[in-house]
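From first to last, the protein sequence lines stand for chains A and W.
The working numbering numbers the first residue of the first sequence as 1 and each following residue consecutively.
The working numbering numbers the first residue of the second sequence as 1001 and each following residue consecutively.
Using N, Cα and C, we set each Cβ at its ideal position, and we do this for glycine too.
Predicted model only: the values in this text are computed from it and were never measured.
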Amino acid sequence: MAKSGHDLIDIKVHVWRQKDAKDPGKLVKYDVAGVSTHASFLEMLDILNEQLVAKGEEPVAFDHDCREGICGSCSMMINGRPHGGQKATTACQLHMRLFRTGDEIYVEPWRAAAFPVIKDLVVDRTAFDRVIAAGGFVTANCGSAPDANDNLIPKEHADKAFEAAACIGCGACVAACPNGSAMLFVAAKLSHLHHLPQGQPERLHRTSAVVTAMDAAGFGNCSNHYECEAACPKDISRDVIAEMNKDFAKAAFIHRDRSTKADGGG
Amino acid sequence: MSWFAKYSRSSIGAKHVMAVSGLLLLLFAVVHMLGHLQMFGGQDMYNKYANFLQSLWEVKWPTRAGLLAMVLVHIATAMSLVAKNRAARPVGYAVYRPVRSTAAGRSMILTGLVILAFIVFHIVHFTLGQVQPGVFHTLDAQGRYDAYSMYVYGFQNVGLYAAYLVGILLLSVHLGHGAASWLQSLGFRHPKYPYDKLGRLTAVVLFVGYMIPPTAVLVGLIKLPGA
Ligand code: HEM
Ligand code: FES
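Put into structure tokens, the structure is as follows:
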């Protein structure tokens, strides 16, 4: 364990370099010397990029925005775990004090057919947006704001909704899953709305709509391995997937809804 | 497309099909194991039971047809899921470190295919009598088919004992994941109940329950009548 002071470590990073979607790409090894143990993982990549720019090389492209663990941009696989594998931590919140001089660190993009690599560590996650567009919302008229106590919500329900709403859509669940399945993300979005009264009217329709969009995007199936739960930086539980599985059966067997009628089914 | 076809082809619908077919097969496996434990009741008890099952053709054939259908549905769905899951990750990781999944869970398709081979072998052995034709469909003192003696001859043979040991071991490993997994797939899981333990418990109970009578035969505790 590093002292509380500011130590410097020398590490080797193997980073996935890929010019564009068509380039086959490869891992390239870089030496990064004098990294402060107080630096975050992304700051370490910034240091590497400064070295690359100084040498006239192309810096490593990676997604980042808030750098405080709330936006879900900083998607990357670190040593075989999404976000580096520290419990409930995003890559931007991972610190270099976890590493030691001489460590070799592998950094790769999320791997999934539904998340094609755009460049280096950056993947296209618009498949998640398509899932949200299919049903990750409530259809409500925007009138004036309702009175705060009009709609009573038990504390336990509000807590459950909030736990699911903590999802930042980073895609770590997809990256961690051996099948590239997005079920934890999709189920979290459903659970968020389905523990609130506002989510009830469209509940079964929403469930089947988002699952259909998820399948169309080319995500894999859940085999109940729960790697997603272990990788989630917001600690979202597999319980949300069980809720979605049950609602999906209800949607198929006992719900007659506008979309199934239009399909000629029902 | 009918709503059911659409449902069963969806990712979660396919999970439900796996879970329901797997659960029905699991229930059969438990009942079948209980039947074999009657070997400890002696020749008369076991043969009475075996002949009772054989005589109920109204039950026997629908059960056989149902089991065959479940196995076919379970395997066909498993194959299609495996193919879709592979396609969902066309490029793998250079370094990938699973932390939560179990070896049993990750090898479902492998253990499943070995179980399939084992089931075929088991049917050829005891239902069709082609492995030891000399001891198949002999009659006991009451003139009934002597299933008891056939069982004893089977497991006095170390090679056959070993084949069943491997088959049952892999069935238990498969169910070590499967016997808990169906609860999650169907959404019955509830955090109040320790369902992960159910998988391991089922695996141990099935392994021990299935292997006790053959082991008793092998070590000479269960003998041929008159031996
Ligand atoms: C005959 C060949 C078999 C094959 C190829 C096979 C294959 C599989 C596979 C791949 C899964 C995982 C499904 C997924 O990832 O979603 C699975 C699950 C399961 N299998 Fe089998 N299996 C076979 C036989 C059996 C038998 C004989 C039983 C019961 C005695 C059984 C019980 C189960 C159960 C309970 C599940 C869990 C269902 C779920 O919740 O997903 N399987 N099987
Ligand atoms: S950069 Fe926003 S969560 Fe990491």
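Query raised in the report: Which residues in the same chain have their Cβ closer than 8 Å to the Cβ of Ala1078 of chain W, if we skip the five residues on either side of it in sequence?
Result: The residue labelled residue 1078 of chain W in the question sits at position 78 within the second sequence. Excluding residues up to 5 positions away in sequence, Met1018, Met1108, Ile1109, Gly1112 lie with their Cβ nearer than 8 Å to the Cβ of Ala1078 of chain W in the same chain.
Report task. Measure the C-alpha to C-alpha separation of Asp129 of chain A and Ala114 of chain A and round it to an integer number of angstroms. Result -> Counting from 1 along the first sequence, the entry for residue 129 of chain A is found at position 129. Counting from 1 along the first sequence, the entry for residue 114 of chain A is found at position 114. In a straight line, the C-alpha of Asp129 of chain A is about 12 Å away from that of Ala114 of chain A.
Query - Chain-ordered neighbours of Met214 of chain A on chain W, where CB pairs are closer than 8 Å - result: In the first sequence, counting from the first residue as 1, residue 214 of chain A sits at position 214. Those within 8 Å of Met214 of chain A in chain W are Ser1011.
Report task. Return the bridge partner residues of Val107 of chain A from the DSSP annotation. Result -> As a working mapping, residue 107 of chain A is identified with position 107 in the first sequence. In DSSP, Val107 of chain A forms a bridge with A:Val15, A:Ile78.
Query raised in the report: Are the CB atoms of His14 of chain A and Lys29 of chain A nearer to each other than 7 Å?
Result: Within the first sequence, residue 14 of chain A is the residue found at index 14, counting from 1. Within the first sequence, residue 29 of chain A is the residue found at index 29, counting from 1. Taking 7 Å as the Cβ cut-off, His14 of chain A and Lys29 of chain A qualify as a contacting pair.
Query - Rounded straight-line distance, which links the Cα of Leu1025 of chain W to that of Leu1067 of chain W - result: Sequence index remark: in the second sequence, residue 1067 of chain W carries index 67 (1-based). Sequence index remark: in the second sequence, residue 1025 of chain W carries index 25 (1-based). For Leu1067 of chain W and Leu1025 of chain W, the distance between alpha carbons rounds to 7 Å.
Query raised in the report: So who's on the other strand from Ala31 of chain A, going by DSSP bridges?
Result: In the first sequence, counting from the first residue as 1, residue 31 of chain A sits at position 31. Looking at the sequence itself, residue 31 of chain A is Asp, so the reference to Ala does not match. Asp31 of chain A is bridged to A:Lys12.
Query raised in the report: Is there at least one non-hydrogen atom of the ligand FES closer than 6 Å to the beta-carbon of His83 of chain A?
Result: Sequence index remark: in the first sequence, residue 83 of chain A carries index 83 (1-based). Exclusion of His83 of chain A from the 6 Å shell around the ligand FES follows from its C-beta lying no nearer than that to any non-hydrogen atom of the ligand.
Requested in this report: Please state whether DSSP places Val1059 of chain W in a helix, a strand or coil.
Outcome: Within the second sequence, the letter at position 59 stands for residue 1059 of chain W. Secondary structure at Val1059 of chain W: helix, using DSSP grouped into helix, strand and coil.
Query raised in the report: Got a sec, what are the start and stop residues for the alpha helix (DSSP H) Ile1119 of chain W sits in?
Result: What you label residue 1119 of chain W is simply residue 119 of the second sequence in a count that begins at 1. Element bounds for Ile1119 of chain W: 1108-1122.
Report task. Determine the closest residue to Trp16 of chain A out of A:Ala61, A:Val35, A:Glu57, A:Val53, with distance taken between C-alpha atoms. Result -> By one-based count along the first sequence, residue 16 of chain A stands at place 16. Nearest option by C-alpha distance: A:Ala61.
Query raised in the report: Heavy atom of the ligand FES less than 6 Å from the Cβ of Ser1233 of chain W, yes or no?
Result: Nothing in the structure corresponds to residue 1233 of chain W, since chain W is present only between 1001 and 1227.
Query raised in the report: Which same chain residues, not among the five before or five after Ile1212 of chain W, have their C-beta less than 6 Å away from its C-beta?
Result: Translated into positions along the second sequence, residue 1212 of chain W becomes position 212. Excluding sequence neighbours, Ile1212 of chain W sits near nothing in its chain.
Query raised in the report: In the DSSP assignment, what are the bridge partners of His95 of chain A?
Result: On the first sequence, residue 95 of chain A is found 95 positions in, with the first residue counted as 1. Answer by DSSP bridge pairing, in chain order: A:Ser40.
Report task. Flag Arg97 of chain A as yes when its Cβ comes closer than 6 Å to any non-hydrogen atom of the ligand FES, and as no otherwise. Result -> For the purposes of this step, residue 97 of chain A is identified with residue 97 of the first sequence, where counting begins at 1. Because no heavy atom of the ligand FES lies under 6 Å away, the Cβ of Arg97 of chain A does not count as near it: no.
Query raised in the report: Mind checking Phe41 of chain A: buried by the 16 CB within 10 Å criterion, or exposed?
Result: Taking the first residue of the first sequence as 1, we reach residue 41 of chain A at position 41. Buried, by the Cβ-count rule.
Query raised in the report: Should Ala187 of chain A and Val240 of chain A be called a contact, given that it needs their Cβ atoms to be closer than 7 Å?
Result: The residue given as residue 187 of chain A occupies position 187 in the first sequence. The residue given as residue 240 of chain A occupies position 240 in the first sequence. Yes, these two residues count as a Cβ contact at 7 Å.
Query raised in the report: If you check the beta carbons only, do Glu243 of chain A and Ser191 of chain A fall under 7 Å apart?
Result: Numbered from 1 along the first sequence, position 243 holds the residue referred to as residue 243 of chain A. Numbered from 1 along the first sequence, position 191 holds the residue referred to as residue 191 of chain A. Yes, the Cβ-Cβ distance between Glu243 of chain A and Ser191 of chain A is below 7 Å.
Report task. Classify His1188 of chain W as helix, strand or coil using the three-state DSSP reduction. Result -> Counting from one through the second sequence, the residue named residue 1188 of chain W turns up at place 188. Reading off the sequence shown, one finds Phe at residue 1188 of chain W, where the question assumed His. Three-state result, Phe1188 of chain W: coil.
Query raised in the report: Do Gly180 of chain A and Gly220 of chain A have their C-beta atoms within less than 7 Å of each other?
Result: Here the question's residue 180 of chain A lines up with position 180 in the first sequence. Here the question's residue 220 of chain A lines up with position 220 in the first sequence. Against a cut-off of 7 Å, the Cβ pair of Gly220 of chain A and Gly180 of chain A comes out as a contact.
Query raised in the report: What are the start and end residues of the beta strand (DSSP E) that includes Lys250 of chain A?
Result: Taking the first residue of the first sequence as 1, we reach residue 250 of chain A at position 250. Per DSSP, Lys250 of chain A belongs to no beta strand (DSSP E); it is in the alpha helix (DSSP H), 239-253.
Query - Neighbourhood of Leu48 of chain A by C-beta, 7 Å cutoff - its chain only, sequence neighbours within 5 removed - result: Against the first sequence, residue 48 of chain A aligns to sequence position 48. Around Leu48 of chain A: Val13, Tyr30, Val32, Val60.
Query raised in the report: Are the C-beta atoms of Asn221 of chain A and some chain W residue less than 7 Å apart?
Result: Residue 221 of chain A sits at position 221 when you count from the first residue of the first sequence. Taking CB atoms only, Asn221 of chain A has a neighbour in chain W less than 7 Å away.
Query raised in the report: Are Leu97 of chain A and Thr37 of chain A touching if we call contact CB-CB under 7 Å?
Result: Numbered from 1 along the first sequence, position 97 holds the residue referred to as residue 97 of chain A. Numbered from 1 along the first sequence, position 37 holds the residue referred to as residue 37 of chain A. For clarity, residue 97 of chain A is Arg in the given sequence; the question names Leu instead. Taking 7 Å as the Cβ cut-off, Arg97 of chain A and Thr37 of chain A qualify as a contacting pair.
Query raised in the report: Would you call Lys261 of chain A buried or exposed, if buried means 16 or more other Cβ atoms sit within 10 Å of its Cβ?
Result: To locate residue 261 of chain A, count along the first sequence from 1; it is residue 261. Residue placement at Lys261 of chain A cannot be trusted, given a pLDDT of 45 that sits under 50; what the coordinates show is reported in the next sentence. Classification of Lys261 of chain A: exposed, given that the 10 Å Cβ count is below 16.
Requested in this report: Indicate whether the contact test is met: 3 or more Cβ pairs, each with one atom in the stretch 1058-1072 of chain W and one in the stretch 202-209 of chain A, closer than 8 Å.
Outcome: In short, these stretches do not touch, since the Cβ pair count stays below three.
Query raised in the report: Under 7 Å between C-beta atoms, does Leu190 of chain A make it to chain W?
Result: As a position in the first sequence, residue 190 of chain A is number 190, starting the count at 1. For Leu190 of chain A, the nearest beta carbon of chain W is not closer than 7 Å to its own beta carbon.
Query - Pick from A:Lys246, A:Thr90, A:Ala39, A:Ala182 that is closest to Gly1187 of chain W, judged by C-alpha positions - result: Working through the second sequence from its first residue, we reach residue 1187 of chain W at position 187. Residue A:Lys246 is the option with its Cα nearest to Gly1187 of chain W.
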